[in-house]
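In what follows, a structure is listed as structure tokens, so that the remarks can point back to it.
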Amino acid sequence: MELRVIENTEDELSIEIAGEDHTFMNVLKGTLLEAENVGAATYDMNPEQSGGQTEPILTIKTENGADPLEELEAAAAEIRSKTAALTDAFDDAAA
Amino acid sequence: MDEEYDVEFIEREERSAKFLVRGVTPAFANGIRRAMIADVPTLAIDEVRFIENSSVMFDEQIALRLGLVPLSTPPNEFDEDDVVTLSLDVSGPATAYSGDIVSSDEMVQPAEENVPIIDLKDGQRLELEADAVLSTGKDHAKHQGGVSVGYRHLQRVETVGDRGEFEDVDPEIYRGVIQEGDELVDTEEFDHDLTNRYPDQEVAVEDVEHAFVFSVETDGSMSVEELFTRAVESLDARAAELEDAVSL
Amino acid sequence: MMVPVRCFTCGNVVGEHWEEFKARSREGDEDPEMVLDELGIDRYCCRRMLVSHKDLVDIVSPYQ
Numbered sequence: 017m018e019l020r021v022i023e024n025t026e027d028e029l030s031i032e033i034a035g036e037d038h039t040f041m042n043v044l045k046g047t048l049l050e051a052e053n054v055g056a057a058t059y060d061m062n063p064e065q066s067g068g069q070t071e072p073i074l075t076i077k078t079e080n081g082a083d084p085l086e087e088l089e090a091a092a093a094e095i096r097s098k099t100a101a102l103t104d105a106f107d108d109a110a111a
Numbered sequence: 622m623d624e625e626y627d628v629e630f631i632e633r634e635e636r637s638a639k640f641l642v643r644g645v646t647p648a649f650a651n652g653i654r655r656a657m658i659a660d661v662p663t664l665a666i667d668e669v670r671f672i673e674n675s676s677v678m679f680d681e682q683i684a685l686r687l688g689l690v691p692l693s694t695p696p697n698e699f700d701e702d703d704v705v706t707l708s709l710d711v712s713g714p715a716t717a718y719s720g721d722i723v724s725s726d727e728m729v730q731p732a733e734e735n736v737p738i739i740d741l742k743d744g745q746r747l748e749l750e751a752d753a754v755l756s757t758g759k760d761h762a763k764h765q766g767g768v769s770v771g772y773r774h775l776q777r778v779e780t781v782g783d784r785g786e787f788e789d790v791d792p793e794i795y796r797g798v799i800q801e802g803d804e805l806v807d808t809e810e811f812d813h814d815l816t817n818r819y820p821d822q823e824v825a826v827e828d829v830e831h832a833f834v835f836s837v838e839t840d841g842s843m844s845v846e847e848l849f850t851r852a853v854e855s856l857d858a859r860a861a862e863l864e865d866a867v868s869l
Numbered sequence: 049m050m051v052p053v054r055c056f057t058c059g060n061v062v063g064e065h066w067e068e069f070k071a072r073s074r075e076g077d078e079d080p081e082m083v084l085d086e087l088g089i090d091r092y093c094c095r096r097m098l099v100s101h102k103d104l105v106d107i108v109s110p111y112q
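Protein chains in written order, with the numbering used here: chain A, 17 to 111; chain B, 622 to 869; chain C, 49 to 112.
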């Protein structure tokens, strides 16, 4: 996972997350949108054939002065706690 | 989301299962589904060295068939670059089966014994050595552990009144699992037609939020439980990587 | 030539059932539909793999 920051202002971040596809990007976007201080989050994955880039570009807009990079980090942590909770619930049911 | 996760098995066999997961968002459910198909690595034969092949098929054709045979893949034992050597030696007249493949590693065995590889006639012989590698379904379909992996919303069915006595009854087809009160009912039980279950009543059907019924089948390389757990793990690994990369 | 190992569409392994299917429905007189049901080949993509298959090894082997 190679990260490349394209644009980083106080309340907006565009970052290229190389090597990822819809599987992870959509989960990440969905989790970001659940955060209180994230006003908008989206990712863009133009296929090469349409003349765009191939790596996904994540864009986050925050509210109330929150730092978008911190929100991204928090979302990644949130996904981790979700996967941990889900694994526990699944193991309970499968046992 | 503070909702509690809850998993409940509806159908469970060695290679296929249907289970309800509560508390996940659609994005998360889809992430798991996609990870089960494309991101959980399995072992499959990737390179074949032929010592003798006098069968009616070309080397490449036989190599393709060998690649498609699922191999049991124990969890956390192999890395992406590991190679497991297997061999096959059959002389005609006989049929070479996947069960004739001899593995150098006890943990890695063909998941299926009776897949015919090639029919050998009198005097024909097949001898080869093959390398199995670990890779994902993204790379080649032979590495895809999950077969027909999907999910549907759990649907809540409530009776809302009586059907008019002389009304024409149209079938109301639903496929999946419905919830009646607290009970889960597979639509197979009433031939997927709600009018069979509620002949004289009007019913209202709605999706239950954040509740998904996964139906998962595997090719035999691992159990359904393992496939699901490893798909969730692969999402977790990527989140961990992102967390690390961002916090630097 | 030889029966496909997996279903082209869904990737389910179907090759293992071929010999039983052939013995019971082609050489025997059972209804192919019932045989497929009993073998647990449920989806129509997998069912067509066996229904439409013809072994050709015996036909081509004299011309090696």
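A virtual CB, placed ideally from N, CA and C, is assigned to each residue, including glycine.
* What are the start and end residues of the beta strand (DSSP E) that includes A:I73? -> I73 to T78
* **For B:D721 and B:A715, the rounded distance between their alpha carbons** => 11 angstroms
* **Which of helix, strand or coil DSSP assigns to B:M622** => Note that B:M622 scores 45 on pLDDT, short of 50, meaning its location in the model is unreliable and no value can be drawn from it.
* Once you ignore the five residues that flank A:G35 on each side, which residues in its own chain have a CB closer than 8 angstroms to its CB? -> M17, E18 and E71
* According to DSSP, residues forming a beta bridge with B:R818 -> DSSP lists no partner for B:R818.
* Cβ neighbours of B:R773 in the same chain (closer than 6 angstroms, five flanking residues each side left out) -> G797 and V834
* To do: State yes or no: is the beta carbon of C:R95 nearer than 7 angstroms to at least one beta carbon in chain B?
  => no
* Taking DSSP as the reference, what is the three-state secondary structure of B:H813? -> coil
* Asked: Looking at the C-beta of B:N651, does it have a partner C-beta in chain C at a distance below 7 angstroms?
  -> no
* Does any CB atom of chain C fall closer than 7 angstroms to the CB of B:K759? -> no
* **Close Cβ partners of B:E748 (< 6 angstroms) along its chain, the five nearest in sequence each way excluded** => I672, E673 and D710
* So what does A:S97 bridge to, in DSSP terms? -> In DSSP, A:S97 forms no bridge with anything.
* Counterpart residues of C:R54 in DSSP-defined beta bridges -> C:V61
* To do: Report yes or no: is there a C-beta of chain B within less than 7 angstroms of the C-beta of A:T25?
  => no
* Residues near B:M622 by beta carbon distance below 8 angstroms, same chain, minus five either side -> Low local confidence applies: a pLDDT of 45 at B:M622 is under 50, so the model's placement there is unreliable, with the coordinate-based value given in what follows. Taken in chain order, the residues that qualify are G644, T646 and H831.
* Report the residues of the stretch 655-678 of chain B with a CB closer than 9 angstroms to any CB of chain D, ordered along the chain. => You won't find chain D in this structure, because its protein chains are A, B and C.
* Asked: How many Å lie between B:E733 and C:E68 at the Cα?
  -> 14 angstroms
* To do: Measure from the C-beta of A:A110 to each C-beta in chain B and report whether the shortest distance is under 7 angstroms.
  => yes
* To do: May I ask you to list, following chain order, the residues of the stretch 67-86 of chain C that have a beta carbon less than 8 angstroms from some beta carbon of chain B?
  => E67
* Asked: So is B:S719 buried or exposed if we call it buried at 16+ other beta carbons inside 10 Å?
  -> buried
* Could you check the C-alpha separation between B:F849 and B:I631 for me, to the nearest Å? => 15 angstroms
* Kindly indicate the opening and closing residues of the alpha helix (DSSP H) around A:K169. => Because chain A is modelled from 17 through 111, residue 169 of chain A falls outside the range shown and cannot be assessed.
* To do: Would you please verify whether the beta carbon of B:V837 is less than 7 angstroms from any beta carbon of chain A?
  => no
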